[in-house]
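Novice: Plus 18 on top of the position in the sequence shown (first one is 1) and you've got my numbering. Dropping the structure in here first, questions after.
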Amino acid sequence: MLEKHFSASAIARICFLAAAVFSPPALSAGVDAPVQLALSEIKKEELPKAAESAKPGAEQKPTGETPTKPASPDKPAATPEQPAQAPAATDDGNDAAQSNNPAMPNAKEGAPTPQVEYDVTKLPFPVQKMRELILTAAKSGSIEALRPLIGSGDDVTMLSLTDIDGDPLAYLKSLAGDADGQEILAILVDVLESGYVHLDAGTADELYVWPYFFAYPLDKLDAKQKVELFQIVTAGDYDEMKQFGTYVFYRLGITPKGRWRFFVTGD
């Protein structure tokens, strides 16, 4: 009986498998095990659809990510803007200040010689008046007579190319060869009785300056002018000045409004 049962069962299974293999696919739908089909039996529309190709030029990016523009290959990446450089500092800050000092020697190389004047009546009245007041004070023999003319504060007369401390009249006395400063007074008289020049007419720097050598090239002085120069300086002083190429002894300037601007010596 066991052999018969086994034979019948085996025969039944064989028949079932044969039916599954040779029957159409639809008949095998109820079978639990999946049916493997040959590639030639799969219809074209049953093939999985390919993903849509990206449009030309479009770049696929993850959702929510901001697209970035690629750097241009022929342009370098931008660099931070560099701050403007400050002007280079000058080696000597005093040079600019001295070049703007109206009391500095004014004889410029190659410049035309200025017009020399001797007629004081051509001076503006305020200039004439200040000149007369200085001459009167100088001829008095007392250096104290200059005090009201020198002024004070921002309007004080420049008596040195550098700052001075203390009383201005005491400073003038220190420059003299005598204790009372009368040598300085004599120089004032000699300077103001020489010829003068009118400089920078019509500008804020307009001045009337004595002696005219202040703006006159020493190498262009004639014989008569050298005599006038030696009334103020010695021949030895003149030889030293030629090394500078300009007059560097005492000079005096008055503005058109009659302000005594400077009385200085040196370069």
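Idealized CB from N, CA, C, for every residue including glycine. Since the model is a prediction, treat every value here as computed from it, not as a measurement.
If we ignore side chains and look at the alpha-carbon of each, how far apart do Ala104 and Asn119 end up?
Specialist: On the sequence shown, position 86 is the one that residue 104 refers to. On the sequence shown, position 101 is the one that residue 119 refers to. Caution is warranted here: a pLDDT of 37 is assigned to Ala104, below 50, making its placement in the model unreliable, and the coordinate value is therefore given only provisionally. Cα to Cα, the separation comes out at about 26 Å.
Novice: Between which two residues does the beta strand (DSSP E) carrying Phe232 extend?
Specialist: The sequence position of residue 232 within the sequence shown is 214, counting from 1. Where Phe232 is concerned, there is no enclosing beta strand (DSSP E), given that its DSSP letter is neither H nor E.
Novice: DSSP three-state call for Val225: helix, strand or coil?
Specialist: Your numbering for residue 225 matches position 207 in the sequence shown. One point to set straight first is that residue 225 is Leu, not Val, in the sequence displayed. DSSP places Leu225 in the strand class (E or B) of the three-state scheme.
Novice: Quickly, what does DSSP pair Arg269 with across the bridge? List them, please.
Specialist: To locate residue 269, count along the sequence shown from 1; it is residue 251. Partner(s): Val282.
Novice: Would you mind sorting Thr180 into buried or exposed? The rule is 16 or more other CB atoms within 10 Å of its CB.
Specialist: If you number the sequence shown from 1, residue 180 lands on position 162. So Thr180 counts as exposed.
Novice: Leaving out five residues before and five after Glu201 in sequence, what residues of the same chain have Cβ atoms less than 7 Å from its Cβ?
Specialist: Here the question's residue 201 lines up with position 183 in the sequence shown. If we look at Glu201 and ignore the five residues flanking it on each side, its Cβ neighbours are Ala194, Gly195.
Novice: What's the C-alpha gap between Ala233 and Pro132?
Specialist: Sequence index remark: in the sequence shown, residue 233 carries index 215 (1-based). Sequence index remark: in the sequence shown, residue 132 carries index 114 (1-based). So the two alpha carbons sit approximately 7 Å from each other.
Novice: Going by alpha carbons, who is nearest to Val209 out of Phe248, Phe143, Val174?
Specialist: Locating residue 209 in the sequence shown gives position 191, counting from the first residue. The shortest C-alpha separation from Val209 is found at Phe248.
Novice: Along the chain, where does the alpha helix (DSSP H) containing Val134 start, and where does it finish?
Specialist: Walking along the sequence shown from the start, residue 134 turns up at place 116. No alpha helix (DSSP H) contains Val134, which DSSP labels as neither H nor E.
Novice: For Arg149, would you say it is in contact with chain C, using Cβ-to-Cβ distances shorter than 7 Å as the test?
Specialist: Among the chains of the structure shown, chain C does not appear; only one protein chain is present.
Novice: Just reading off the beta strand (DSSP E) that Val215 is part of, what are its end residues?
Specialist: Within the sequence shown, numbered from 1, the residue matching residue 215 stands at position 197. Residue range 215 to 217 is occupied by the beta strand (DSSP E) that includes Val215.
Novice: Which word fits Thr264, buried or exposed, when buried means at least 16 other C-beta atoms lie within 10 angstroms of its C-beta?
Specialist: Taking the sequence shown and counting its residues from 1, one reaches residue 264 at position 246. When all chains shown are included, Thr264 counts as buried.
Novice: Do you know offhand how far Asp137's Cα is from Val227's?
Specialist: Taking the first residue of the sequence shown as 1, we reach residue 137 at position 119. Taking the first residue of the sequence shown as 1, we reach residue 227 at position 209. Approximately 13 Å, taken between the alpha carbons.
Novice: Run the CB neighbour count on Gly271, radius 10 Å, all protein chains shown included, and call it buried at 16 or more, exposed below.
Specialist: The residue you call residue 271 lines up with position 253 of the sequence shown. Looking at its Cβ environment, which holds 16 or more other Cβ atoms inside 10 Å, Gly271 is buried.
Novice: Is it buried or exposed, Phe280, if we count other Cβ atoms within 10 angstroms and call 16 or more buried?
Specialist: Residue 280 sits at position 262 when you count from the first residue of the sequence shown. Classification for Phe280: buried.
Novice: Checking 7 Å against the spacing of the C-beta atoms, do Tyr268 and Ile205 come in under that value?
Specialist: Counted from its first residue, the sequence shown places residue 268 at position 250. Counted from its first residue, the sequence shown places residue 205 at position 187. Yes.
Novice: Following the continuous alpha helix (DSSP H) through Ser212, name the residue where it begins and the one where it ends.
Specialist: Along the sequence shown, one-based indexing puts residue 212 at 194. That residue, Ser212, is in no alpha helix (DSSP H); it is neither H nor E in DSSP.
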